[in-house]
Amino acid sequence: DWTMSAYREQMIAKIRAQVGSKRVLCALSGGVDSAVAAVLIHEAIGEQLTCVFVDHGLMRLGESDQVVSLFREHFNIPLVHVDASDLFIGELEGVSDPETKRKIIGRLFIDVFEAEAKKIASDGKGAPEFLAQGTLYPDVIESVSFSGGPSVTIKSHHNVGGLPARMNMKLVEPLRELFKDEVRALGRELGLPDFFVGRHPFPGPGLAIRCPGGITREKLDILRKADAVYLDEIRKAGLYDTIWQAFAVLLPVQTVGVMGDGRTYDFVCALRAVTSVDGMTADFYHFDMTFLADAATRIINEVKGINRVVYDVTSKPPGTIEWE
Ligand code: XMP
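Using the UniProt record's numbering, the first residue of the sequence shown is number 197, and each one after it goes up by one.
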């Protein structure tokens with residue numbers, strides 16, 4: 197696409213002009229936006245960029261490994277992978293209020309990232325002066341038009357909000373003029389694999405907000421498995437790209453079931469799928485009942501700890517896409 201290749205060259209020139217010979221830090225979230233920003237900036241300034249992936253242990257099945265190998269092997273971009281799952285899950289254990297979960301995750305994220313930045317700053321190559329972010333145009337508009345409510349929290353985490361001010365860093369935001377579909381096109385232009393570029397959005401707080409009630413490692417493992425089976429079914433049915441977001445939620449409710457000649461007393465899994473243009477409004481996805489029945493059967497058969505599956509038929513508004 198000629199427009200995107202022109203844009204790419206233009207952005208590379210702009211990044212070089214802004215940054216000069218200074219160093220840049222980039223916090224990778226595992227999502228498309230920060231990955232595209234990082235690859236673009238790397239193309240512009242090479243080794244002056246250091247990418248940090250704070251792994252909170254709340255990613256989906258296999259996702260952390262995918263991010264690490266995409267950067268290290270596919271792009272040959274050095275990446276600092278901080279496994280902070282013990283810290284995050286330890287602090288979250290027993291916390292059930294959604295906003296408290298978000299605050300804990302946001303605070304720990306900043307702590308861990310800041311500690312990592314200090315290590316990088318003392319490696320003898322000079323302290324980084326810039327922080328790269330994958331802020332998109334809708335994020336820019338939204339942070340202006342919203343004055344309260346949960347979206348402020350959402351954005352403050354999503355854009356690692358407190359970081360630049362606290363660390364006294366200048367921002368590099370090469371995607372500020374782009375919409376999501378344009379970021380995906382730019383990602384393809386930069387050679388990011390299709391499976392990565394086409395990924396559904398994933399919230400910063402990760403699986404913590406898809407596990408209503410208290411979080412435990414065991415519950416997160418159950419949720420991860422159910423989510424992987426559900427998404428596998430969606431991909432096999434050829435529906436992945438039609439759907440804006442699809443995921444499993446593990447409810448803090450146990451129900452009675454029968455399996456073989458035994459009674460079970462296991463968790464309920466809710467399945468969510470929506471279509472949307474920008475995530476601001478959304479319609480629940482009208483699956484074929486056969487699809488849902490097959491997905492439910494597979495989840496119950498393959499995931500120990502779940503014996504009942506329900507489908508969420510709430511659109512946004514009045515629901516939100518995530519359950520928390
Ligand atoms: P809701 O649930 O508010 O979600 O309808 C709208 C979109 O935003 C994502 N989302 C988040 N993204 N940090 C993020 O980076 C968050 O705290 C957060 N909460 C929700 C959600 O997945 C959907 O795409």
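Note that CB positions come from ideal geometry on N, CA and C, so glycine has one too.
Cα separation between residue 301 and residue 212?
33 Å
According to DSSP, is residue 431 part of a helix, a strand, or is it coil?
helix
Assess, as a yes-or-no matter, whether the stretch 208 to 226 is touched by the stretch 239 to 251 under the definition of 3 or more beta carbon pairs within less than 8 Å.
yes
Whole runs of the beta strand (DSSP E) within the stretch 224 to 257, excluding any shorter than 3 residues:
245 to 251
Put residue 469 into one of helix, strand or coil per three-state DSSP.
strand
Option in 417, 256 and 503 with minimal Cα separation from residue 458
503
So, at 8 Å on beta carbons, what are the nonlocal neighbours of residue 308 in its own chain, with the 5 sequence-adjacent residues on each side left out?
250, 278, 280 and 283
Tell me whether the stretch 370 to 384 and the stretch 398 to 414 touch, counting them as touching only if at least three CB pairs, one residue from each stretch, are closer than 8 Å.
no
Would you kindly report the start and end of the unbroken alpha helix (DSSP H) that includes residue 381?
376 to 385
Using only CA atoms, which one of 393, 434 and 461 lies nearest to residue 451?
461
Test: residue 295 CB closer than 7 Å to a CB of chain D:
The structure shown contains no chain D, having only a single protein chain.
Three-state secondary structure (DSSP) of residue 458
strand
Going by DSSP, what residues sit across from residue 523 in a beta bridge?
The chain is shown only over 197 to 520; residue 523 falls outside these bounds and no answer can be derived.
In angstroms, rounded to a whole number, what distance separates the CA positions of residue 334 and residue 474?
8 Å
What are the boundary residues of the beta strand (DSSP E) that includes residue 326?
326 to 328
Between the Cα of residue 505 and the Cα atoms of 238, 493 and 369, which residue gives the shortest distance?
493
Under 7 Å between C-beta atoms of residue 396 and residue 329
no
Any heavy atom of ligand 1 closer than 6 Å to the CB of residue 289?
no
Please classify residue 347: does DSSP put it in a helix, a strand, or coil?
Its pLDDT being 39, under 50, residue 347 is placed unreliably by the model, and nothing is read from it.
Could you please give me the residues that DSSP links to residue 221 through a beta bridge?
246 and 327
Check whether residue 418 and residue 501 have beta carbons under 7 Å apart
yes
Can you give me the start and stop residues for the beta strand (DSSP E) that residue 502 sits inside?
502 to 507
Measure how close the beta-carbons of residue 422 and residue 499 come, nearest whole angstrom, since I'm counting them as under 8 Å.
5 Å
According to DSSP, is residue 444 part of a helix, a strand, or is it coil?
strand
In whole angstroms, give me the CA-to-CA distance for residue 362 and residue 415.
34 Å
Could you name the residues of the same chain whose beta carbon sits closer than 6 Å to that of residue 398, not counting the 5 residues immediately before and after it, in chain order?
227
Can you name, in chain order, every residue of its own chain whose Cβ lies under 6 Å from the Cβ of residue 439, other than the five neighbours on each side?
469 and 481
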